[in-house]
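Trainee:
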Amino acid sequence: MGEPARQLSRERMLRAAVGIADARGLGGLTMRSLAAELDAKPMSLYHYIRNKDELLDALVDGVFAEIELPKVGGDWRAEVRRRSLSARTVLARHPWALTLVESRTSPGPATLRHHDAMLGTLRAGGFSLQMTAHAYAIVDAYVYGFVLQEASLPFDNADSADAVAGAIMEGFAAGEYPHLVELATQHVQQPGYHFGGQFEYGLDLILDALAAHANATRPS
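Start counting the sequence shown at 6; every next residue gets the next number (my numbering).
(1) Let me know the secondary structure DSSP gives phenylalanine 160 once reduced to three states.
(2) When the Cβ atoms of the segment 152 to 169 are set against those of the segment 92 to 103, are three or more pairs found closer than 8 Å?
(3) Distance check for glycine 171 and histidine 119, CA to CA, integer angstroms please.
(4) Measure how close the beta-carbons of threonine 106 and valine 68 come, nearest whole angstrom, since I'm counting them as under 8 Å.
(5) With a 10 Å radius around its C-beta and 16 neighbouring C-beta atoms as the bar for buried, classify serine 89 as buried or exposed.
(6) Near tyrosine 51, what residues of its chain come up, given a Cβ to Cβ distance below 6 Å and the 5 sequence neighbours on each side ignored?
(7) With distances taken Cα to Cα, identify the nearest neighbour of aspartate 164 among Gly202, Gln203, Gly197.
(8) Is glutamate 175 helix, strand or coil when you go by DSSP?
(9) Is threonine 137 near valine 77, with beta carbons less than 9 Å apart?
(10) Since histidine 184 is in the alpha helix (DSSP H), which residue starts that stretch and which ends it?
(11) Are the CB atoms of tyrosine 147 and isoleucine 211 within a distance shorter than 9 Å?
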């Protein structure tokens, strides 16, 4: 059972809501399911949260609060890299948040603080305002897209990737799809393969390209 109604608080409600979303997805999170988790009456929740939209806003703000902030004035590349690694970890822990983080129109203080720190880090690193907008959008598109792709894969480790690849190739005729077979046998099925290991490689490519472009366009 959940926590007794007399112990209700906004913080406990948000923790319970995150737990439900992590376990069942956003589809499983309703005011009724939250009340059941807390062993409370549904109407009692409205003393702390006005409606479902406010609950979702608070959940998004909590996700941003978990992501490490970049340090404005530090080495922009190292700071954005550290923040991006943290964002990937947090979003993988809360995959339901992917559909929410950019959709809310009432951002909370942690969300605003996060965006401001990212913008400030890039601006302090010498990026023009336009280049800052480009860089932030590109980095987040990569982070969010990678997390979404990783969560959608039909395997979760090297052994299951090997098994899935093998099962798919069993249906191939001899000589059919040679490039897929090459990738599977010489890469995916090799010891140590892990899809997630490609995240940092791709992130570094993006940061290298952004650094080169920023240097090329920076006034002398």
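Even for Gly, the Cβ is constructed at its ideal location relative to N, Cα and C.
Mentor: With the given structure in hand:
(1) By 1-based counting over the sequence shown, the position of residue 160 is 155. Correct three-state label for phenylalanine 160: coil.
(2) yes
(3) For the purposes of this step, residue 119 is taken as the residue at position 114 of the sequence shown. For the purposes of this step, residue 171 is taken as the residue at position 166 of the sequence shown. If you take the alpha carbons of histidine 119 and glycine 171, they lie about 43 Å apart.
(4) The residue labelled residue 106 in the question sits at position 101 within the sequence shown. The residue labelled residue 68 in the question sits at position 63 within the sequence shown. For the sequence presented, residue 106 should be read as valine rather than threonine. The pair is a contact, with the Cβ atoms about 6 Å apart (cut-off 8 Å).
(5) Position 84 of the sequence shown holds residue 89. Serine 89 comes out buried.
(6) Taking the sequence shown and counting its residues from 1, the one referred to as residue 51 is at position 46. Closer than 6 Å at Cβ, skipping near neighbours: no residue.
(7) For the purposes of this step, residue 164 is taken as the residue at position 159 of the sequence shown. Checking every option, the nearest Cα to that of aspartate 164 belongs to Gly197.
(8) Locating residue 175 in the sequence shown gives position 170, counting from the first residue. Coil at glutamate 175, not helix or strand.
(9) As a position in the sequence shown, residue 137 is number 132, starting the count at 1. As a position in the sequence shown, residue 77 is number 72, starting the count at 1. No. Outside cutoff.
(10) Residue mapping note: residue 184 aligns to position 179 of the sequence shown, counting from 1. For histidine 184, the enclosing alpha helix (DSSP H) starts and ends at 183 to 188.
(11) Indexing the sequence shown from 1 puts residue 211 at position 206. Indexing the sequence shown from 1 puts residue 147 at position 142. Yes. Within cutoff.
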